[in-house]
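Asks: Before anything else, here's the structure in question.
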Amino acid sequence: MKKILIVDDSTFMRNVLKDILLAKNSDAELIAELEFFEANGIVTARQQIKAVSPDAILLDIVMHESETEGVEFLREIQGFFDTSKVIIISSIGQIEILDECNKLGVKFYIQKPFEHSKIIEAVNHIIK
Amino acid sequence: MDFDFSKHKEAYIAEAKAHVKTLNYALVELEKNPDDKKLFHKVFRATHTLKSLSGTMGYEQSMSLCHAIEDILDAIRYEQLTLALCADLLFKSFDQLSLNLKYISTDLDELDSSDLIKQLHHLLANHKKPDAKSPHIQMQLETDAVEKIQSIEVKIEELDILMNLAEEFLVNKMKLESIREQIEHPDLVPVIESLSRLITDLQYHIMQVRLVPIAFVFNRFIRMTRDLAKNQNKEVNLQMEGAEIEFDRSLIDEIAESIAHLIRNAIDHGIETPDVRLKMNKPAQGTIWLNVQRTKEAAKIEISDDGAGINLEALKKLASTHNLLKPGFSSTDVLNTIFTGISTAESVTEISGRGLGLTIVKLKIESIGGSIQVNSTPGKGTTFLIEIPLSLAIIKTLFVNVGDETYAVPTEFVERLLMVETKDIKGVMKEESIIFEQEDIPLIRLSSLFHQKPFPLDKQPIVIIHNGRERLALAVDELLATKEVIIKQLNRSIKDNKFFSGATLVGSGRMILILDVAYLFQLRKKNESSLGGIINAV
């Protein structure tokens, strides 16, 4: 079992992501079973990372009041988490933000609207 | 998209609704403070998120509409357009988004938004100034990030079910307690006590869950005020205080409409147009204050305006013609006739519009055990004060039998229980008393007060109650057990309900009335003062 933490302030989004990851689809399959953990904000995310030590994190970079909160959080967790295990969820046209995340060690990002195969691919890469 | 997201529909609707709410109130605030970057971000973020959510669910119309709104917001951000120019169209778009949600929730399709989108694009194309600011993304380092409260949305029906279950628990617990009194088993006592505590806790927490900040309904008033004022060419500012105070969800639902009505009234009939106001040396912009306070026992909501006030003279004339004023009336009495629904078709004074609505408001508030008062100064403004007792109390009561009925006396006021020989009761009729701890304590027979058949007893059970200063002796037929009960509100406008502060449901489905101790003391005082010349029989 691999542990994945989903960080998004929308309950709807978190449920959608879980669904996508759990769906049995012929074009892509997870290489391991996933145990899900969730956080609806930065504070809970911090706690979860420290409590659970996830094998992968899905992080919504677009959440909350400011454009930089997600990026600042990445900067912070560099100290105690391997940011190459973070998958950024972003919207189209956030090139600068993706750039910043890349500089902070992130290698994968998925864009809304979601493509099932791309998400599975990214997760598989990380939990290998 | 090859996915079926329909099971997420409810979550989508709930979140989307919240975002539209944010859009509405944030844009109203932004109109007043166009340079507030935080507010702007709020609007932008809500639109953007709503676009994502809608896109994920496949709601193309809403998604495209949000996209068009985003484009407008971008243009405003880079100063190619002004907010003032776009506000009306933006609000129209928010309304369309709301409507879409309504349609979606009843399994209908979204509305066709292509027209609205065209208008938004038109606005963009025709008014765009050449770039005033270069469109680079500003990475502002917000060091005071607001942490979100962990919370979820729960269906009201579910909470009601939980509440009912908790009450059932309590009733069964009471039954268990009375059985325990008959079966003496040492192990039974601690278990039942533990059960009691747990149930009380459960009830308390369920009631806590139903608590919602009153801002929940107040937020729509902001938008309502803006629209109404605009329609009447008036400038009105709605100030709210205490909106974070929490109340039971059902209470808020009950009074929301009433408060909305009072605000509408204030705008329609209270606040004058800017030119009239300026002539009176008032600021052009009128203000409506919505002030909420809460004590342990009651919620106090004040709605006041600095408008024209109520035309006392015209109202007095109108009330007189309807024979509503008794001789010796005060100005308060005149003002209170505003709740009686008088309005004349031919009259064109300010009061005619206030018509039936206020009657309904008063009835509504009284039906939940509350009260409403009005105060007004012509030319200066009007204030409505609503007071509502809160139904969150679980209290300990003493059950007593009086004739065929059972009543509950809050044990907070019970000092002692006695058995008194009939011969030791002094005095006659309404002037009886007993001696207790060397003091003469007035006696009230509940059987005569509540029109029950008096029960002849040699030994009379007595409940000594106190209000902190004085004591009263209540004669009952039988003393029963003490029980913890949840207070349900009574309709205080019904005359006979004055004796009771509430009611409670017991296991058999019966409603037991809870005595209003304060009122009993008041009554006794009234009786004493009016019985000047009666001689005590010896």
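Protein sequence lines correspond, in order, to chains A and B. Under numbering that gives the first Met the number 0, the first residue of the first sequence is numbered 0, with each subsequent residue one higher. Under numbering that gives the first Met the number 0, the first residue of the second sequence is numbered 0, with each subsequent residue one higher. The C-beta atom is built at its ideal place from N, Cα and C for all residues, glycine as well.
1. Output yes if chain B places a C-beta closer than 8 angstroms to the C-beta of residue 77 of chain A; else output no.
2. At least one CB of chain A closer than 8 angstroms to the CB of residue 121 of chain B: is that the case?
3. For the segment 58 to 87 of chain B, list every residue whose C-beta sits within 7 angstroms of some C-beta in chain A, in sequence order.
4. Determine the extent of the beta strand (DSSP E) in which residue 90 of chain A is found, giving its start and end residues.
5. Could you name the residues that DSSP lists as bridge partners for residue 466 of chain B?
6. Counting only C-beta atoms, is residue 51 of chain B closer than 8 angstroms to chain E at any point?
7. Residues in the same chain with beta-carbon distance under 7 angstroms from residue 28 of chain B, minus the five sequence neighbours each way, listed in chain order, please.
8. Hey, would you say residue 206 of chain B sits closer than 8 angstroms to residue 262 of chain B, going by beta carbons?
9. Any C-beta of chain B sitting closer than 8 angstroms to the C-beta of residue 105 of chain A?
10. Would the beta-carbon of residue 401 of chain B fall within 8 angstroms of that of residue 475 of chain B?
11. By the DSSP assignment, the beta strand (DSSP E) with residue 212 of chain B in it spans what residues?
12. How would you write the range of the alpha helix (DSSP H) that residue 236 of chain B sits in, first residue to last?
13. Assess, as a yes-or-no matter, whether the segment 101 to 111 of chain A is touched by the segment 70 to 78 of chain B under the definition of 3 or more beta carbon pairs within less than 8 angstroms.
14. For residue 388 of chain B, list the residues DSSP reports as bridge partners.
15. Interface residues of chain B around residue 35 of chain A at Cβ under 7 angstroms?
16. Report yes if the C-beta distance between residue 27 of chain A and residue 115 of chain A is below 8 angstroms; otherwise report no.
17. With a Cβ-Cβ cutoff of 8 angstroms, do residue 424 of chain B and residue 431 of chain B count as a contact?
18. So for residue 105 of chain A, helix, strand or coil by DSSP?
19. To which residues of the same chain is residue 4 of chain B closer than 6 angstroms at the C-beta, ignoring the five residues directly before and after it?
20. Where does residue 292 of chain B sit, in a helix, a strand or coil, going by DSSP?
21. To the nearest angstrom, report how far apart residue 346 of chain B and residue 308 of chain B are at their CA atoms.
22. Leaving aside the five residues before and after residue 513 of chain B along the sequence, list all residues of the same chain whose C-beta is less than 7 angstroms from its C-beta, in chain order.
23. DSSP beta-bridge partners for residue 376 of chain B?
24. Nearest chain B C-beta to residue 15 of chain A closer than 8 angstroms, yes or no?
25. Given residue 239 of chain B, which residues of its chain have a CB within under 6 angstroms of its CB, disregarding the five upstream and five downstream residues?
26. Using 8 angstroms for Cβ pairs, my map puts residue 442 of chain B next to residue 433 of chain B. What's the rounded Cβ distance?
27. Give the DSSP bridge partners of residue 406 of chain B, in chain order.
28. Taking 8 angstroms as the CB-CB cut-off, is residue 89 of chain A touching chain B?
29. Using 10 angstroms around the beta-carbon of residue 108 of chain B, count the other beta-carbons present and answer buried if the total reaches 16, otherwise exposed.
30. In angstroms, rounded to a whole number, what distance separates the CA positions of residue 74 of chain A and residue 204 of chain B?
31. Identify, in the order they occur along the chain, each residue of the same chain with its Cβ nearer than 8 angstroms to the Cβ of residue 95 of chain B, setting aside the five sequence neighbours on each side.
32. To the nearest angstrom, how far is it from the Cα of residue 36 of chain B to the Cα of residue 42 of chain B?
33. Under 8 angstroms, do residue 10 of chain B and residue 14 of chain A count as touching if we go by C-beta distance?
34. For residue 133 of chain B, name the three-state secondary structure that DSSP assigns.
35. Less than 8 angstroms between the beta carbons of residue 66 of chain B and residue 50 of chain B, yes or no?
36. Answer yes or no: do residue 303 of chain B and residue 376 of chain B have a C-beta to C-beta separation smaller than 8 angstroms?
Replies: Here's the rundown:
1. Chain B, which has no Cβ nearer than 8 angstroms to the Cβ of residue 77 of chain A, makes this no.
2. It does not; no Cβ of chain A falls within 8 angstroms.
3. Answer in chain order: no residues at all.
4. Taken as a continuous stretch (DSSP letters only), residue 90 of chain A belongs to no beta strand (DSSP E), as it is neither H nor E.
5. Under DSSP, residue 466 of chain B takes part in no beta bridge, so it has no partner.
6. Going by chain labels, chain E is absent from the structure shown, which instead holds the protein chains A and B.
7. Within the same chain, residue 28 of chain B has close Cβ partners 38.
8. In this structure, the beta-carbon distance from residue 206 of chain B to residue 262 of chain B does not fall below 8 angstroms.
9. Not one chain B Cβ lies under 8 angstroms of residue 105 of chain A.
10. Contact: yes.
11. From DSSP, the beta strand (DSSP E) with residue 212 of chain B extends over 210 to 212.
12. For residue 236 of chain B, there is no enclosing alpha helix (DSSP H); the residue is part of the beta strand (DSSP E) that begins and ends at 235 to 240.
13. The answer is no - the segment 101 to 111 of chain A does not touch the segment 70 to 78 of chain B, with fewer than three Cβ pairs under 8 angstroms.
14. DSSP output for residue 388 of chain B lists B:297 as bridge partner(s).
15. Residue 35 of chain A does not reach chain B, its nearest Cβ partner there being about 16 angstroms away, counting only Cβ pairs nearer than 7 angstroms.
16. The answer is yes: Cβ separation under 8 angstroms.
17. The answer is yes: Cβ separation under 8 angstroms.
18. Under the three-state reduction of DSSP output, residue 105 of chain A falls in the coil class, being neither helix nor strand.
19. For residue 4 of chain B, where only same-chain residues beyond five positions count, the Cβ hits under 6 angstroms are 56.
20. In the structure shown, residue 292 of chain B sits in a strand (DSSP, three-state: E or B).
21. Because residue 346 of chain B carries a pLDDT of 41, less than 50, the predicted location of this residue cannot be relied on, and no value is offered for it.
22. The beta carbon of residue 513 of chain B sits closer than 7 angstroms to the beta carbons of 396, 407, 409, 486, 499, 500, 501, 502, 503 from its chain, once the five residues preceding and following it are set aside; these are given in chain order.
23. Paired residues: B:380.
24. Among the CB atoms of chain B, one or more fall inside 8 angstroms of the CB of residue 15 of chain A.
25. 217, 289, listed in sequence order.
26. That belief holds up - the Cβ atoms of residue 442 of chain B and residue 433 of chain B are roughly 6 angstroms apart, short of 8 angstroms.
27. Residue pairing by DSSP places residue 406 of chain B opposite B:399, B:512 in a beta bridge.
28. Interface annotation, residue 89 of chain A: not in contact with chain B, CB-CB separation never under 8 angstroms.
29. By the 10 Å Cβ count, residue 108 of chain B comes out exposed.
30. Straight-line Cα distance between these residues: approximately 39 angstroms.
31. Result list for residue 95 of chain B: 64, 110, 112, 115, in chain order.
32. Residue 36 of chain B and residue 42 of chain B: Cα-Cα distance of roughly 10 angstroms.
33. Result yes, Cβ atoms of residue 10 of chain B and residue 14 of chain A sit closer than 8 angstroms.
34. Because the pLDDT of residue 133 of chain B is 38, which lies under 50, any placement of that residue in the model is unreliable, and the question is left without a value.
35. Residue 50 of chain B is positioned such that its CB atom lies closer than 8 angstroms to that of residue 66 of chain B.
36. Their beta carbons are not under 8 angstroms apart, which means residue 303 of chain B does not touch residue 376 of chain B by this criterion.
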